[in-house]
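Some notes on the structure that comes next.
Protein chains in written order, with this note's numbering: chain A, 1 to 282; chain B, 283 to 564; chain C, 565 to 846; chain D, 847 to 1128.
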């Protein structure tokens, strides 16, 4: 393939050097720096959550900020073999793929519906925060943000309620940690108040408690720590990858070949046309 | 990142131009040729299976060769929602991904165990064919190839027997088409004889019929047509992608959110330690 | 995991049977039917494009409809190693994955921007068609549909213009085939007229020709044949998968290990902070 | 799909309940336990690396074991946009996918060649350790393990030498941490000695230093901590996922559409047949 433009080699090389541009990592023979910090000075000195923060944001968190991030990462690692991502990871292994492939097929489905609730919840919180910045009270801001969300996306509020858990045992613990961090001045507490206000309004509107679930609680933490909503999903993926790996590995130790979603004794429902002859089509 | 080697821009450009090298497609502004054939002359002139053949092999098949390939592609498109690949495609859609992502997660698991039987069977056939070239009779060659396969891989012979179908309705039809093609001189028939000999030996050894399944039958076709074993899997993927797309699309029309592998009323088995307190670890 | 609901085994089995529901494939021991047609009657009787149509739509196309679909599938198989999907497929192979994995990583990126132009173009055409149904002239309908598209999505019109080809050699040939099919009454020609009207308006507005590219031309074909826009992308994926496979296979024959996007003699641009010491964070 | 076996609903439910079996997570409404530990007691109490260890191994590490694991996780997060996995992640984003999809396409290629060096190196170390258990000296065991590895896999020894770094700045730091842990009795030091012996033998054989790289050094750590070789790759994936996410996110902030591997000013090499006419094939 030849471009019609006549460029000199020097021009082509300059264009090629500019093709990939990053502020994350600088590599020279024998030297590697992440965000400016020599890698050998980071190893052993910072924690894995601090490294995660440094890589996606460019600066180092304090130890307290990092602890809060760590709690959120610990909380979301797994939700069992009936979660599609975990089931896919286990099924993939029985098809003969390696761990990286099983993880890829599984992580791929941590999309809007399965893995995106935290991100959507962060956007809801951010909308309420923006309204407060513009002068609204907490109550009015959350009420308006909820109405706007529902108008655009329908009634299911991401981060609140759970198909399975009447109360999510992870949320309360995470909110306690946020409160402790707020008391120490590590975080401001705005998003925690917004989240609790969402809960209060939902209870008033529905006449029953729709408690904050893990997505709502980690959204509070990620928002308090200043992460962009998209990174909320990214952090969830890093966390859930642990469960996806653990289940893929356990399945590989159990064995099993071409394990479908249900045992073959349970037939699926065929709802199409009855058997019929092929007409002449050619 | 700077390489220590001092290269001139001309050298760098030459190295870069040589970085990706292909015999498949030649592109210039306004001109596209596949294996030398202008694309606008191929469109409307050759069939999709002929294009598949051209792309992976570099030459055009005859109409008869193409028909045989087409029959194999038609035969393997789907095996229902209890096949892991199809289930993954449907589950992925309910997680909120788009069709390309659902297809990717599903195609990714068409690996050694789930999608590799045809490829392995082609390798078994090829081993028998090599032994015949070196002078062995059909009977001895297949016997020895089977023994060698079992010694290395265990007792399950890829392409023969089925967990579900006592007789695979696809195999007989495919072998008829091979026989018809052989009668017309389109293919030599060697691999068809090898496949049938495998079946005969398995029946003698096991005392019951272990009939050739679709993987064994498409392996006959692909081997007769001269495809490499790895391409046997590649062709299977192109075929099964059709079913994967159809099921992903059907699921998207049905709706459903975060659909796990089984209804939640069916619990999974937890076989780990009973609930216990977290010890001090930090 | 136990649900609190006390269900009987019969209820659980009924719920499980209804969990996966399909109109595509019916499987019983020794019997497989696609959309009601016994598989052994389809093999050898219908073409691969006809099988694709049957699987995603439920009915069989005529031979003429199928030929038009086939032309579109043939046209879009590849766009060379500078397309991200093709490059990813080749790079993946050099990392040690198998063909199914390379194809999965590549197909996964046939998303909104890279593979979605056809789908978006079909939606644009469909909007114009709806406006014509409501009484607008061709000219007014296309003008309004374009304005609505631009207002929501910006100035780039999917399916028109190309970064590389001044004239796309595939489009003209595909439109010829549509015109021939229209002359024979195979298709109505509405979407062909809409597509050409888009081209005419763009030329008038921009003062230069922005010719219909392959996405715009296959969108005409798929729309003429009655496919939903999402399936436009699905069909593109089936087509491009052929090129993805061919390049993965070619790369595997060439060898190469951990082949990055560019030769290492071309450095990337590091634009982050200069080397700095790690502060105390723990 | 009906199985020929007549099973009662009770039998089917029992079979279905046993279909997915795990020792990792136990879920009941309002209760979640990982390996027996209530999740709410783990959150805030254990670190993310401790959670990773707990999930894949079933027990909790000591704080010192966890620190060593953490250092290895921190060390391997990124190797820049010329690594295929990172480039794929960035290219994927420019095609319009979301972060989970970009990460999946990238993680998928952390296969034998790109991400498997650590795993292979752990297998080499384990082979040497087995030989020592059977009575061989360190020198003889490593010599024999190396010879066996080379005989089966060729001359490239995984974990030693680097295409780019004359000395890998990460390895020395990691080995220091292993030595400090050994001095405190946290690890035994066997694999560290094996790794250094590999280096010594390679230097003697090749006449120049082939220094241990990051894969060789993390392999020492993972082996010292008792991880299975396959989990070595799994842990590498968790680590590299951080870089993959950071680069995907940075690319999404930079923008860019359908970004191929190299700028279009650099043509690829077409080495196939010259332009030719399509023969009659149908």
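Glycine included, each C-beta is placed from N, C-alpha and C at the ideal position.
Annotation: Cβ neighbours of residue 1079 of chain D in chain A (cutoff 8 Å, chain order): 98, 99 and 100.
Using a CB distance cut-off of 8 Å, residue 594 of chain C does not count as an interface residue toward chain A.
Residues of the stretch 141-161 of chain A with a Cβ closer than 7 Å to any Cβ of chain D: none.
With a contact defined as Cβ atoms closer than 8 Å, residue 888 of chain D and residue 899 of chain D miss out at about 12 Å.
Using a 10 angstroms sphere on the CB of residue 985 of chain D, the tally of other CB atoms stays under 16, which defines it as exposed. In the three-state reduction of the DSSP assignment, residue 590 of chain C falls in the strand class. In the assembly as shown, residue 412 of chain B is an exposed residue. Its beta-carbon has fewer than 16 other beta-carbons within 10 Å.
No Cβ-Cβ contact shorter than 8 Å links residue 1090 of chain D with residue 922 of chain D.
Along the stretch 44-71 of chain A, the positions whose C-beta sits under 9 Å from a C-beta of chain C are 45, 46, 47, 50, 58, 60, 61, 62, 63 and 66, read in chain order.
Within a 10 Å sphere around the beta-carbon of residue 711 of chain C sit fewer than 16 other beta-carbons, which makes this residue exposed. Of the residues B/305, B/299, B/340 and B/298, the one whose Cα lies closest to the Cα of residue 1124 of chain D is B/340.
Residue 367 of chain B and residue 192 of chain A have their C-alpha atoms roughly 42 Å apart. Residue 588 of chain C reaches chain A at 272, counting residues in chain order whose Cβ is nearer than 8 Å.
Nearest CB-CB separation between residue 299 of chain B and chain D: below the 8 Å threshold. Residue 276 of chain A and residue 724 of chain C have their C-alpha atoms some 43 Å from each other. About 5 Å separates the beta carbons of residue 263 of chain A and residue 861 of chain D, which is inside the 8 Å limit, making them a contact pair. When C-beta distances to chain B are compared with 9 Å, every residue of the stretch 1015-1044 of chain D stays at or above that value. When the alpha-carbon of residue 657 of chain C is set against those of D/924, D/960 and D/928, the nearest one is in D/960. Inter-residue distance for residue 370 of chain B and residue 795 of chain C is about 19 Å (C-alpha atoms, whole angstroms).
Residue pairing from DSSP places residue 212 of chain A in a beta bridge opposite A/160. For the pair residue 203 of chain A and residue 210 of chain A, the Cα-to-Cα distance works out to about 6 Å. Judged by DSSP in its simplified three-state form, residue 1068 of chain D adopts helix. In the three-state scheme derived from DSSP, where H, G and I count as helix and E and B as strand, residue 551 of chain B is classed as strand. Residues of the stretch 798-810 of chain C that bring their beta carbon within less than 7 Å of a beta carbon in chain B comprise 798, 801, 802, 805, 806, 807, 809 and 810, in sequence order. Where residue 667 of chain C is concerned, the enclosing alpha helix (DSSP H) starts and stops at 663-671. By the Cβ neighbour-count rule, residue 770 of chain C is exposed, with fewer than 16 other Cβ atoms within 10 Å of its own.
The C-beta of residue 667 of chain C comes closer than 8 Å to at least one C-beta of chain B.
Per DSSP, the continuous beta strand (DSSP E) segment holding residue 878 of chain D begins and ends at 877-880. In the three-state reduction of the DSSP assignment, residue 455 of chain B falls in the helix class.
Here residue 1075 of chain D carries a helix assignment [DSSP, helix/strand/coil]. With 16 or more other Cβ atoms from the protein chains shown falling within 10 Å of its own Cβ, residue 118 of chain A counts as buried. At least 8 Å separates the beta-carbon of residue 645 of chain C from that of residue 17 of chain A. If you draw a 10 Å sphere on the C-beta of residue 717 of chain C, you find fewer than 16 other C-beta atoms in it, and that means exposed. The secondary-structure analysis by DSSP pairs residue 125 of chain A with nothing; it has no beta-bridge partner. For residue 546 of chain B, the secondary structure class from DSSP, reduced to helix, strand or coil, is coil. With fewer than three CB-CB distances shorter than 8 Å, the stretch 183-198 of chain A does not count as touching the stretch 237-252 of chain A.
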